[in-house]
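Colleague:
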Amino acid sequence: MDFIPVNRPIIGEEEKRAVLDVVSSGVLVNSSYEGGPQVRAFEGKVKRLLGAKHVVAVNSGTAALHTALLALGVGPGDEVIVPSFTFLATANVVLACGAKPVFVDIKDDYNMDPVAFRRAVTKKTKAVIPVHIYGYPADMDEIRETAAARSIKVVEDAAESLGATYKGTQTGRLSDAGCFSLYATKVVTSGEGGAVSTDDDELADLLRLVRNHGQVRGYDSRHLGFNYRLPEMSAALASVQMDRLEGFLRARERNARYLGERLAAVDGAKFTQDAPDRSHVFYLYTLFLRKNREKVLRALNSAGVGAAVYWHVPVHRAPLYAKLGYAKKKLKKTDAAAGHVLSLPVYPGLSQSDLERVADGFVRAAREYL
Ligand SMILES: Cc1ncc(COP(=O)(O)O)c(C=O)c1O
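Have a look at this one:
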């Protein structure tokens, strides 16, 4: 029986043709301030989806976050408040700016606790990075209220949440800058890639500068920047994927609904990302297991179901951060999530029989171990 991975992109004929067209054209990259035609077409599609004034494509979600922080002027002496229950990139970019990450705890929905954020604010707090974990929007009203009262910049880590909405507004539009990833497993992919959205003209200019070594015309560097340009091939691929986003999201939602119905009666496993005022894109379908998470994980994997844990190790406990003294920090819900969550396959390419195998496998494992 085939192994069902936890996530898999759908790449169709149109994507292949779009990439080949770029390869055949011989223009693989356009290193102008504005970017090439494929980059601009992709940016236009994201702009329309979000209703944002500007979208700047870059070559990873990490680059998106780093670009946003640099453009907002985050630097040495600044503190940036981040969750620890996230991918390393959220905090690594803060270190890359020479600033200090300050980790705060999450709520039962795995997103940043706005009260913990408020309590962590100091005179040095320059920015906060809420993450919309697994594609489920964080409590942005509360976070923005605290940030606005203290002139703190808000950067959304929307790497996993393209297409999700919070009180009717797309994630990525709920802050100074929204950062997306186009990594291979993401809701829309270009293999590696990313984008930053903003409504601020001045910030958009800085984002474009950071993406291109600070240059407008060439060798006129006016701001610290890097090569964060998205190649034309990747932009062409992502552009076709953008046309399919609505279908992808409908399929993810349908799959999540099926899993929700099948697993509702399972005692000892809770789905906690379901507030009615926001929509989930189900980048991952994640359950909190009361006990025996590793046993359930092993049982599913042996049955050919690629369930996985995001994340076993919260960022503040990763060796680099432990060395910097962060591991002592008490983040109760973060540690609980790291020890108890399990994500099931929910991607759009799952067939009905795949879905049944995922649900049957989970119900069987739950009967034995939960
Ligand atoms: C929450 C989160 N932040 C940031 C990133 C970084 O994105 P990338 O891998 O495209 O650099 C990812 C994805 O990998 C992510 O899941």
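Numbering (the working numbering), first residue to last: 887 to 1256.
By construction, the Cβ of each residue, glycine as well, lies at the ideal position given by its N, Cα and C atoms.
Computed from a predicted model, the values in this text were never measured in an experiment.
1. So, at 6 Å on beta carbons, what are the nonlocal neighbours of residue 1101 in its own chain, with the 5 sequence-adjacent residues on each side left out?
2. Return the first residue and the last residue of the alpha helix (DSSP H) that residue 1000 is part of.
3. Can you tell me where the alpha helix (DSSP H) holding residue 908 begins and where it ends?
4. Among residues of its own chain, excluding the 5 on either side of residue 973, which ones have a beta-carbon nearer than 6 Å to its beta-carbon?
5. Name the one or two DSSP bridge partners that residue 1056 has.
6. Can you have a look at residue 1134 and say buried or exposed, based on whether 16 or more other CB atoms are within 10 angstroms of its CB?
7. When we look at the beta-carbon of residue 924 and count the other beta-carbons within 10 Å, is it buried (16 or more) or exposed?
8. How would you write the range of the beta strand (DSSP E) that residue 1172 sits in, first residue to last?
9. Determine the extent of the beta strand (DSSP E) in which residue 967 is found, giving its start and end residues.
10. Which same chain residues, not among the five before or five after residue 1064, have their C-beta less than 6 Å away from its C-beta?
11. What three-state label does DSSP hand residue 1296 in the structure shown?
12. Do residue 979 and residue 948 come within 9 Å of each other at the CB atom, strictly closer than that value?
13. Just checking residue 1069 against ligand 1 - is the residue's beta carbon closer than 8 Å to any of the ligand's heavy atoms?
14. Put residue 1019 into one of helix, strand or coil per three-state DSSP.
15. Is the stretch 936-952 in contact with the stretch 1046-1061, if contact means three or more CB pairs nearer than 8 Å?
16. How do the stretch 1125-1143 and the stretch 946-960 stand: do at least 3 beta-carbon pairs fall below 8 Å, yes or no?
17. For residue 899, count neighbouring Cβ atoms within 10 angstroms of its own Cβ and tell me buried if that reaches 16, exposed if not.
18. Using 8 Å for Cβ pairs, my map puts residue 994 next to residue 1158. What's the rounded Cβ distance?
Modeller: From the atom records:
1. 1107
2. 1000-1006
3. 899-911
4. none
5. 1051
6. buried
7. buried
8. 1171-1175
9. 965-969
10. 1042, 1044, 1058, 1083
11. What is shown of the chain runs 887 to 1256, which leaves residue 1296 out entirely.
12. yes
13. yes
14. helix
15. yes
16. no
17. exposed
18. 5 Å
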